[in-house]
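Trainee:
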Amino acid sequence: MLESYLTGLLVCGGIIVAIGAQNAYVLSQAIRREHHWWSAGVCMTSDILLFTLGMFGVTAALMAMPEALEVLRWLGVSFLGWLAVQAFIRAGRGRAALEAGGETRKTLKGVLLTTLAVTLLNPQVYLDTLLLIPAVGAQQSSAPGFVAGASSASVIWFGGLAWLGSSLAPVLSRPGAWRVIDGVIGLMMLAIALQLAFSGL
Numbered sequence: 387m388l389e390s391y392l393t394g395l396l397v398c399g400g401i402i403v404a405i406g407a408q409n410a411y412v413l414s415q416a417i418r419r420e421h422h423w424w425s426a427g428v429c430m431t432s433d434i435l436l437f438t439l440g441m442f443g444v445t446a447a448l449m450a451m452p453e454a455l456e457v458l459r460w461l462g463v464s465f466l467g468w469l470a471v472q473a474f475i476r477a478g479r480g481r482a483a484l485e486a487g488g489e490t491r492k493t494l495k496g497v498l499l500t501t502l503a504v505t506l507l508n509p510q511v512y513l514d515t516l517l518l519i520p521a522v523g524a525q526q527s528s529a530p531g532f533v534a535g536a537s538s539a540s541v542i543w544f545g546g547l548a549w550l551g552s553s554l555a556p557v558l559s560r561p562g563a564w565r566v567i568d569g570v571i572g573l574m575m576l577a578i579a580l581q582l583a584f585s586g587l
């Protein structure tokens with residue numbers, strides 16, 4: 387049980403860190419202090435559900451419908467490209483400094499919907515959570531232990547991003563810092579979109 391848990395924690399932790407779109411969005415919301423814990427919670431919940439579904443047979447159904455992944459691929463390219471453009475526009479125009487405790491700029495509904503889109507429109511998420519992770523989990527002595535470890539990795543990672551970003555908000559509240567942040571986020575989103583478009587799945 388413990389060995390399966392630790393395997394899930396380490397393997398899935400490494401995979402989650404590599405899914406850049408979710409990480410960039412949660413971190414940017416945390417730095418802005420715009421419903422960042424809700425955003426992190428959506429990512430955690432999505433990961434846990436997908437890990438569990440993958441371990442209980444959704445992988446086979448997904449393999450039977452490869453065209454679904456292709457549709458998700460191009461939806462993901464379009465959405466990530468749009469996020470990149472928005473970030474570059476913000477970087478070019480600049481923005482007012484973030485005021486601690488100030489009014490949020492986005493609604494909770496908007497943040498939740500965007501977090502879901504960043505998560506569910508990225509086909510790499512499905513490849514990792516429904517194909518790769520179950521393949522590793524199937525080799526473990528305890529499937530529940532493995533899923534628990536994978537889920538813990540998601541909670542620790544996204545919780546850490548939300549906490550770190552909000553803690554750095556006062557330091558990164560200057561307009562010049564925002565330009566750099568938005569520029570980096572734009573580059574990350576664009577790189578992921580281009581990788582999906584040209585390298586496929």
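All you need for this note's numbering is the position in the sequence shown, starting with 1, plus 386.
Glycine included, each C-beta is placed from N, C-alpha and C at the ideal position.
Given this structure, state the Cα-to-Cα distance separating L573 from R565, to the nearest angstrom.
Mentor: Against the sequence shown, residue 573 aligns to sequence position 187. Against the sequence shown, residue 565 aligns to sequence position 179. About 12 angstroms.
Trainee: To the nearest angstrom, how far is it from the Cα of E420 to the Cα of S464?
Mentor: Along the sequence shown, one-based indexing puts residue 420 at 34. Along the sequence shown, one-based indexing puts residue 464 at 78. Note on geometry: alpha-carbon atoms of E420 and S464 lie some 24 angstroms from one another.
Trainee: Taking 8 angstroms as the threshold, find out whether the stretch 534 to 551 comes into contact with the stretch 490 to 502 through three or more Cβ pairs.
Mentor: Contact between the stretch 534 to 551 and the stretch 490 to 502 is absent: fewer than 3 CB-CB pairs across the two stretches fall below 8 angstroms.
Trainee: Could you check what DSSP says for M430 in three-state terms: helix, strand or coil?
Mentor: Here residue 430 is taken as the residue at index 44 of the sequence shown, counted from 1. Residue state, collapsed to three classes: helix.
Trainee: Please state whether DSSP places M387 in a helix, a strand or coil.
Mentor: By one-based count along the sequence shown, residue 387 stands at place 1. M387 falls in the coil class under three-state DSSP.
Trainee: Whole-angstrom Cβ separation of A426 and G545, contact assumed at under 8 angstroms?
Mentor: As a first step, residue 426 must be located in the sequence shown, where it is residue number 40. As a first step, residue 545 must be located in the sequence shown, where it is residue number 159. With 8 angstroms as the limit, A426 and G545 qualify as a contact, their Cβ atoms being about 6 angstroms apart.
Trainee: Spell out a yes or no on whether the stretch 392 to 401 and the stretch 467 to 476 are touching, meaning 3 or more CB-CB pairs, one atom from each, closer than 8 angstroms.
Mentor: Not touching, per the Cβ criterion.
Trainee: Could you tell me whether the Cβ atoms of L466 and L576 are closer together than 9 angstroms?
Mentor: Position 80 of the sequence shown holds residue 466. Position 190 of the sequence shown holds residue 576. Taking 9 angstroms as the Cβ cut-off, L466 and L576 qualify as a contacting pair.
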